[in-house]
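Structure, as structure tokens:
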Ligand code: ADP
Ligand code: MG
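In my numbering, the protein residues as written are 72 to 706.
Rendered as structure tokens:
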């Protein structure tokens, strides 16, 4: 180390540039923001070779007076704030006054600008921070910025650049974020000779989203909005059938600025809890508008992150707004597969599509059978081997869905309570219910019974068509909601066993159970050590009375062992709830009586989120009447 000395402005600018200009996309972002701050209503961006050769941005904004051009490229020169107080009420996108200086330091920058008051424009060339003489030029009102040879004098930065394609993807994303935040402005983006975006002014906002991201996403968005004192929240969240494998599609805008905020993203995830599979993330386009003094935008060089004065309030506002909306929104999954544009989604989509096609085929088959059976009378139907034929059904398993709605007698010996009850093999199912369903479609009578097929799906009428319900998934969700509700309200009824049941475990398992005794107790399950590796279950929830205590405990052990050491208590309780609900729910293959079916369907309307199982799989697929009409060639 040598003596301390002042760094030259050029070095200072290069350091600043390092913070602000990470890659070509950063240049695009900074320049577009300047154009917006200048009031532009049209911004055209041309990029050559991923931005390393050329980035040209033209706007029709206010432009600059000739004498301002040299100032624009000087560091810490800005027209946007005057004193430090202004920092706390920033109304423009820029305010640091270092973007142009930074860009000019590490590229060849040409500025052409004309304000409305001037008859001719001015041009200034800066290369590596050194300005040439200004010259007059003919140009329209507004500003054109041309950045070429980016990073020519910072070889290390240049080396870190990725492929043209990757850099271009970053540029497109940077422009998209800004364009989504400013739908009233016309944006275009060209790469070499190719048009990437042409986004004319859009109103309403959804038009911009659709134009930029396609009808598939835009078509399944749900509007949300709320106001909490000075904080206004509005925008769209996607239907759970649309999700992504990462959080990139979570667009958050704060006062016209695209931001990243982990806390708000977490709130978003919470709002979708139980509606998406693990590893899937919701899509959102959400705007927060709040007084500038409630947020500090000066905490991050590129202003991508901000600091809220009251982040907790924003968190709960976002969470409760979406949750409230979901209570009334139609979140059932349409049977028609929607093609995904996202490449990583392709395989998932193909699988879904395959599954949907299978269900559709079964449904059409069933409907055809049903129709032919009405036409030829009951006798013909008897002779057919429709999937509905009870003789084909799986072995009967103990099942009492009606338990859901009735209060339980104390269970002393749970095993005996639930002896399998036989279902007569000659139950007159096929033609009666088939006709009922047909009548139901005609009369739209919600009281009509649904039909069970393959001992796993229920078919019922929905307001706009036919709904196919996965009996296990639906029951699982209902049990889960009931458990949650009872735990929340402290009304979870626990059955005390007259004779506590000993369960033999491995020593690791026993230790895990005892370590989490308190979380397990929240589920209404009392356990205590009983010497060796035996655990004594002395009570368990009445809701789960169709399971034996050891069955429940083993399910819990599985979860605990899977979770490993010291899991988060909240997560653990959730996981245990999921697993208990899954284990206790009726299974695919369980034959249901019509009473059981009615109870299940009735419960479906009593609880929240019954359109998805707690793991996020849909519990029901809607087959619209239009689709039926189309398949039957009625249209
Ligand atoms: P900041 O945006 O933080 O003020 P910049 O370095 O990005 O800093 O820009 C410096 C100044 O140059 C701005 O304050 C503005 O006055 C002027 N300027 C930059 N770009 C434009 C433009 N496209 N139109 C009009 N003025 C501009
Ligand atoms: Mg700026």
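Glycine included, each C-beta is placed from N, C-alpha and C at the ideal position.
All of these numbers come straight from a predicted model, not from anything done at the bench.
Terminal residues of the continuous beta strand (DSSP E) containing residue i?
{"i": "residue 204", "result": "Residue 204 -> no beta strand (DSSP E), and no H or E assigned at all."}
{"i": "residue 371", "result": "Premise fails: residue 371 is in no beta strand (DSSP E) and is neither H nor E."}
{"i": "residue 599", "result": "597 to 600"}
{"i": "residue 322", "result": "321 to 325"}
{"i": "residue 693", "result": "691 to 695"}
{"i": "residue 707", "result": "Nothing about residue 707 can be reported from this structure: the residues present for the chain run from 72 to 706 only."}
Suppose the cutoff is 7 Å on Cβ atoms and the five residues either side in sequence are ignored; what does the same chain contact list for residue i look like?
{"i": "residue 690", "result": "540, 541, 544, 545, 548, 681, 682, 683 and 684"}
{"i": "residue 119", "result": "125 and 263"}
{"i": "residue 415", "result": "With a pLDDT of 39 at residue 415, under the threshold of 50, the modelled position of that residue is not reliable, and the figure given next carries that caveat. These residues qualify, in order along the chain: 316."}
{"i": "residue 392", "result": "295, 297 and 304"}
{"i": "residue 567", "result": "609 and 610"}
{"i": "residue 618", "result": "654 and 655"}
{"i": "residue 362", "result": "301"}
{"i": "residue 293", "result": "307, 308, 310, 396 and 400"}
{"i": "residue 282", "result": "270 and 273"}
{"i": "residue 345", "result": "680, 683, 685 and 687"}
{"i": "residue 696", "result": "535 and 536"}
{"i": "residue 375", "result": "330 and 331"}
{"i": "residue 163", "result": "108 and 151"}
Taking the alpha helix (DSSP H) that residue i belongs to, which residues open and close that run?
{"i": "residue 193", "result": "Not the alpha helix (DSSP H): residue 193 falls in the beta strand (DSSP E), residues 192 to 198."}
{"i": "residue 646", "result": "640 to 655"}
{"i": "residue 306", "result": "Here residue 306 belongs to no alpha helix (DSSP H); instead the beta strand (DSSP E) covers 302 to 309."}
{"i": "residue 630", "result": "620 to 634"}
{"i": "residue 553", "result": "542 to 560"}
{"i": "residue 685", "result": "Here residue 685 belongs to no alpha helix (DSSP H), and DSSP marks it neither H nor E."}
{"i": "residue 241", "result": "235 to 252"}
{"i": "residue 703", "result": "Taken as a continuous stretch (DSSP letters only), residue 703 belongs to no alpha helix (DSSP H), as it is neither H nor E."}
{"i": "residue 666", "result": "665 to 675"}
{"i": "residue 346", "result": "From DSSP, residue 346 is part of no alpha helix (DSSP H); its letter is neither H nor E."}
{"i": "residue 77", "result": "Taken as a continuous stretch (DSSP letters only), residue 77 belongs to no alpha helix (DSSP H), as it is neither H nor E."}
{"i": "residue 92", "result": "Unbroken run through residue 92: none, as it is neither H nor E."}
Can you name, in chain order, every residue of its own chain whose Cβ lies under 6 Å from the Cβ of residue i, other than the five neighbours on each side?
{"i": "residue 366", "result": "377 and 379"}
{"i": "residue 470", "result": "Any reading at residue 470 must be qualified, since the residue scores a pLDDT of 37, below 50, and its modelled position is unreliable; no value is offered."}
{"i": "residue 550", "result": "652, 655 and 656"}
{"i": "residue 203", "result": "196"}
{"i": "residue 390", "result": "338, 341 and 342"}
{"i": "residue 272", "result": "255 and 257"}
{"i": "residue 252", "result": "324, 327 and 329"}
{"i": "residue 643", "result": "590"}
{"i": "residue 152", "result": "166"}
{"i": "residue 713", "result": "Lying outside 72 to 706, the shown extent of the chain, residue 713 is not represented and no answer is given."}
{"i": "residue 148", "result": "142 and 168"}
{"i": "residue 578", "result": "604"}
Quickly, what does DSSP pair residue i with across the bridge? List them, please.
{"i": "residue 272", "result": "Answer is none; residue 272 lacks a bridge partner."}
{"i": "residue 352", "result": "315"}
{"i": "residue 128", "result": "116 and 216"}
{"i": "residue 611", "result": "566"}
{"i": "residue 533", "result": "536"}
{"i": "residue 360", "result": "303"}
{"i": "residue 23", "result": "The chain is shown only over 72 to 706; residue 23 falls outside these bounds and no answer can be derived."}
{"i": "residue 262", "result": "118 and 265"}
{"i": "residue 296", "result": "305"}
{"i": "residue 522", "result": "530"}
{"i": "residue 605", "result": "575"}
{"i": "residue 379", "result": "366"}
{"i": "residue 404", "result": "692"}
Please classify residue i as buried or exposed, where buried requires at least 16 other C-beta atoms within 10 Å of its C-beta.
{"i": "residue 705", "result": "exposed"}
{"i": "residue 742", "result": "Residue 742 is absent from the structure shown; the chain starts at 72 and stops at 706."}
{"i": "residue 443", "result": "Note on residue 443: pLDDT 46, under 50, position unreliable in the model; the coordinate value appears next. Result: exposed."}
{"i": "residue 311", "result": "buried"}
{"i": "residue 319", "result": "exposed"}
{"i": "residue 632", "result": "exposed"}
{"i": "residue 596", "result": "buried"}
{"i": "residue 675", "result": "buried"}
{"i": "residue 356", "result": "buried"}
{"i": "residue 94", "result": "buried"}
{"i": "residue 85", "result": "buried"}
Leaving out five residues on either side along the sequence, give the residues of the same chain with a beta carbon under 8 Å from the beta carbon of residue i.
{"i": "residue 394", "result": "342"}
{"i": "residue 585", "result": "598, 600 and 606"}
{"i": "residue 555", "result": "648"}
{"i": "residue 640", "result": "590"}
{"i": "residue 621", "result": "572, 574 and 608"}
Starting from the N-terminal side, write out each stretch of the beta strand (DSSP E) that is 3 residues or longer and does not extend beyond the segment 127 to 193. For the segment 127 to 193, the continuous beta strand (DSSP E) assignments of 3+ residues that do not extend past its boundaries occur at 179 to 185, in sequence order.
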